[in-house]
Amino acid sequence: MPCVEIKIIEGELSKEETRKLITDVTDVFVSYLGENMRSCIWVIVQEIKDGNFGAGGQVCELKDIRAIQAGTTEKAE
Numbered sequence: 055m056p057c058v059e060i061k062i063i064e065g066e067l068s069k070e071e072t073r074k075l076i077t078d079v080t081d082v083f084v085s086y087l088g089e090n091m092r093s094c095i096w097v098i099v100q101e102i103k104d105g106n107f108g109a110g111g112q113v114c115e116l117k118d119i120r121a122i123q124a125g126t127t128e129k130a131e
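Following the numbering used here, the numbering of the sequence shown begins with 55 at its first residue and continues without gaps.
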């Protein structure tokens with residue numbers, strides 16, 4: 055039984071976006087494993103408290119992710 059764990063910063067996705075993510079990830083696994091396996095595919099989305107996530111040795115906050123999404127490569131001030 056596949057179990058996919060996705061960790062995101064709290065508030066990064068809306069409830070609707072989280073539901074779509076779960077559905078889309080499940081669909082990808084079904085495309086490889088077959089429709090009969092759909093009920094056996096677990097997708098767990100865990101929200102990490104803002105400020106408790108880092109990359110490249112630096113703390114990343116949601117505002118930093120939003121700046122990157124907007125096309126800015128610098129961390130938000």
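The beta-carbon is built from N, C-alpha and C at its ideal position, and this holds for glycine as well. None of these values were measured; they are calculated from a predicted model.
Compare the Cα-Cα distances from G65 to each of T77, Y86, E101 and A121 and report the closest residue.
The sequence position of residue 65 within the sequence shown is 11, counting from 1. Out of T77, Y86, E101 and A121, E101 has the C-alpha closest to the C-alpha of G65.
State the start and end residues of the unbroken alpha helix (DSSP H) segment that holds A124.
Here residue 124 is taken as the residue at index 70 of the sequence shown, counted from 1. Note, A124: premise wrong, no alpha helix (DSSP H); not H, not E.
On the DSSP letters alone, give me the boundaries of the alpha helix (DSSP H) that K69 sits inside.
Translated into the one-based positions of the sequence shown, residue 69 becomes position 15. Counting along the chain, the alpha helix (DSSP H) containing K69 begins and ends at K69 to L87.
Which residue comes first and which comes last in the beta strand (DSSP E) that contains I62?
On the sequence shown, residue 62 is found 8 positions in, with the first residue counted as 1. C57 to I63 is the span of the beta strand (DSSP E), which, as asked, contains I62.
Under 8 Å, with one C-beta from each stretch per pair, do the region 119 to 126 and the region 90 to 105 reach the 3-pair mark?
At 8 Å Cβ cutoff, the stretches do not touch.
If you follow the beta strand (DSSP E) that I95 is part of, which residue opens it and which one closes it?
On the sequence shown, residue 95 is found 41 positions in, with the first residue counted as 1. From DSSP, I95 is part of no beta strand (DSSP E); its letter is neither H nor E.
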